[in-house]
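Engineer: In the working numbering, the protein residues as written are 5 to 223.
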Ligand code: AMP
């Protein structure tokens with residue numbers, strides 16, 4: 005079973021993906037996280053990726069596809085996995101089907117541009133454990149410090165105002181067509197993202213509970 009989370013940057017794919025992992029057990033695979041790990045480790049892939057990421061552009065398909073292919077072949081993905089941030093364009097969606105013919109459920113977390121901009125510019129992440137905060141709705145107890153591990157909170161370079169617009173352009177131009185691609189396959193679902201984290205998750209669970217074999221709808 006493959007669960008694909010679509011949605012603009014800042015729509016909550018990471019948060020919701022983690023909640024899916026906790027409830028259903030499928031690991032979350034975030035290509036953004038894998039790329040940031042490669043950048044932090046200073047690998048050749050990381051060096052190449054950083055240039056595109058800093059500009060808010062997509063990293064080359066071949067690089068991302070190889071990374072995803074390696075990851076989904078690992079043992080913990082045998083029964084299923086959640087993709088967060090992949091596929092980002094039609095060629096990636098097509099190639100994914102060749103890499104793994106798993107049954108799939110695609111969920112778009114829908115959010116308007118105005119809210120994306122507000123959310124991204126107020127997002128902060130822990131430089132140590134990666135926990136996600138928001139200066140408007142998920143404020144840390146102590147300013148600039150992670151509640152979970154005491155690490156320093158930072159703003160992602162690509163959450164800075166000048167890069168956000170380009171990321172949104174890329175989303176509309178390259179990733180939105182993926183919605184139609186999956187809609188045509190009959191595996192597409194949309195949930196509204198402008199709600200509480202728990203309400204969005206409840207909507208996602210309703211989709212998953214009716215799609216996953218052997219589970220009953222939760223309500
Ligand atoms: P994210 O954390 O998903 O917002 O991704 C951060 C950045 O990583 C994006 O703006 C892209 O530069 C790059 N990236 C993440 N996933 C992909 C992908 N599937 N294809 C190409 N680039 C990606």
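Where is the CB? At the ideal position from N, CA and C, for every residue including glycine.
In or out: residue 177 buried (at least 16 other Cβ within 10 Å) or exposed?
Structural biologist: Label assigned to residue 177: exposed.
Engineer: Can you tell me which of the three DSSP states residue 109 falls into?
Structural biologist: DSSP places residue 109 in strand when its eight states are reduced to three.
Engineer: Could you name the residues of the same chain whose beta carbon sits closer than 6 Å to that of residue 14, not counting the 5 residues immediately before and after it, in chain order?
Structural biologist: Closer than 6 Å at Cβ, skipping near neighbours: 120, 123 and 124.
Engineer: Is it buried or exposed, residue 102, if we count other Cβ atoms within 10 angstroms and call 16 or more buried?
Structural biologist: The residue in question, residue 102, is exposed, as its Cβ has fewer than 16 Cβ neighbours within 10 Å.
Engineer: Check whether the Cβ atoms of residue 208 and residue 24 sit closer than 9 Å, and answer yes or no.
Structural biologist: Cβ distance < 9 Å, so residue 208 and residue 24 count as in contact.
Engineer: From residue 115 to residue 196, what distance separates their C-alpha atoms?
Structural biologist: When rounded, the distance between both Cα atoms is 7 Å.
Engineer: From residue 10 to residue 78, what distance separates their C-alpha atoms?
Structural biologist: Taking the straight line from one Cα to the other gives about 23 Å.
Engineer: Quick one: complete beta strand (DSSP E) runs, 3+ long, within the stretch 49 to 128?
Structural biologist: As far as the stretch 49 to 128 is concerned, its whole beta strand (DSSP E) runs of at least 3 residues are 85 to 88 and 108 to 114.
Engineer: What would DSSP say about residue 153, mapped onto helix, strand or coil?
Structural biologist: Residue state, collapsed to three classes: coil.
Engineer: Which parts of the stretch 157 to 213 are runs of the beta strand (DSSP E), unbroken and 3 residues or longer, counting only runs that do not cross its ends?
Structural biologist: Listed in chain order, they are 192 to 196.
Engineer: Take the Cβ of residue 133 as the centre, count every other Cβ of all protein chains shown within 10 Å, and call the residue buried at 16 or more, exposed below.
Structural biologist: Residue 133 is exposed by the Cβ-count criterion.
Engineer: Is residue 99 a contact residue of the ligand FMN, with contact defined as CB to any heavy atom under 8 Å?
Structural biologist: Among the ligands present in this structure, namely the ligand AMP, the ligand FMN is not found.
Engineer: Ordered along the chain, which non-local residues of its own chain (more than five positions away) have a Cβ less than 8 Å from that of residue 59?
Structural biologist: Here the set comprises 167 and 170.
Engineer: To the nearest angstrom, how far is it from the Cα of residue 68 to the Cα of residue 113?
Structural biologist: Near 22 Å, if we compare the C-alpha coordinates of residue 113 and residue 68.
Engineer: According to DSSP, is residue 6 helix, strand or coil?
Structural biologist: Here residue 6 sits in strand by DSSP.
Engineer: Within 8 Å: the Cβ of residue 53 and any heavy atom of the ligand AMP?
Structural biologist: At least one heavy atom of the ligand AMP is nearer than 8 Å to the Cβ of residue 53, so yes.
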